[in-house]
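Q: Numbering (the numbering used here), first residue to last: 1 to 163.
Every residue, glycine too, gets a C-beta built ideally from N, C-alpha and C.
This structure is a prediction, so every number in the text was calculated from the model and none was measured.
Sharing a structure below in structure tokens format, with a few things to ask.
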């Protein structure tokens with residue numbers, strides 16, 4: 001166990017801690033489920049060889065307990081002045097890839113609504129370009145109401161996932 005795990009080599013973190021698990025040891029990446037290995041790659045941002053090893057501490061920190069350890073909004077729009085800890089929601093993998101955040105990170109309700117607003121207004125602008133029709137009676141406040149109403153019904157995030 002003198003060899004450091006693959007995460008330590010990249011992130012220069014301490015290895016074999018007992019914060020998240022009680023045992024000290026290593027597991028080969030080839031023994032980890034392929035979906036968990038893909039998530040690890042996305043969260044760390046580096047690909048690993050199959051013969052490399054990861055310590056139990058980093059396996060818990062980056063795979064098993066990663067979502068539970070996320071206590072703040074990841075702020076993908078860079079609008080928060082303080083760390084937001086209330087009203088956090090888990091996002092699915094598709095939303096995470098669209099926002100270019102790590103899978104398992106959380107969004108506050110304001111960031112989530114901003115994402116949905118951008119997503120829906122983008123869809124409206126594409127539909128308007130296809131039809132080439134200008135609707136002068138449809139004001140921007142009506143658009144915002146429509147967008148907000150639809151954002152609660154469309155999307156990959158349910159109210160059960162919010163904390």
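When the distance is taken between beta carbons, is residue 10 closer than 8 Å to residue 44?
A: yes
Q: According to DSSP, simplified to helix, strand and coil, what is residue 41?
A: helix
Q: Would DSSP call residue 21 helix, strand or coil?
A: coil
Q: Which residue marks the beginning of the alpha helix (DSSP H) containing residue 10, and which one marks its end?
A: 6-11
Q: Could you check the C-alpha separation between residue 89 and residue 21 for me, to the nearest Å?
A: 25 Å
Q: Suppose the cutoff is 8 Å on Cβ atoms and the five residues either side in sequence are ignored; what does the same chain contact list for residue 76 look like?
A: Answer for residue 76: 99, 100, 101, 107, 111, 115, listed in chain order.
Q: Quick one: grab the DSSP three-state call for residue 111.
A: Assignment of residue 111 by DSSP, reduced to helix, strand and coil, places it in the helix class.
Q: How is residue 53 classed by DSSP in three states: helix, strand or coil?
A: strand
Q: If we call anything under 8 Å between Cβ atoms a contact, is residue 56 one with residue 104?
A: no
Q: Quick check on residue 27: does DSSP put it in helix, strand or coil?
A: Residue 27 sits in a strand when the DSSP states are folded into three classes.
Q: For the candidate residues 71, 118, 121, 8, whose alpha-carbon lies nearest to that of residue 58?
A: Of 71, 118, 121, 8, the residue nearest in Cα terms is 8.
Q: Using only the alpha-carbon positions, how far apart do residue 62 and residue 3 sit?
A: 19 Å
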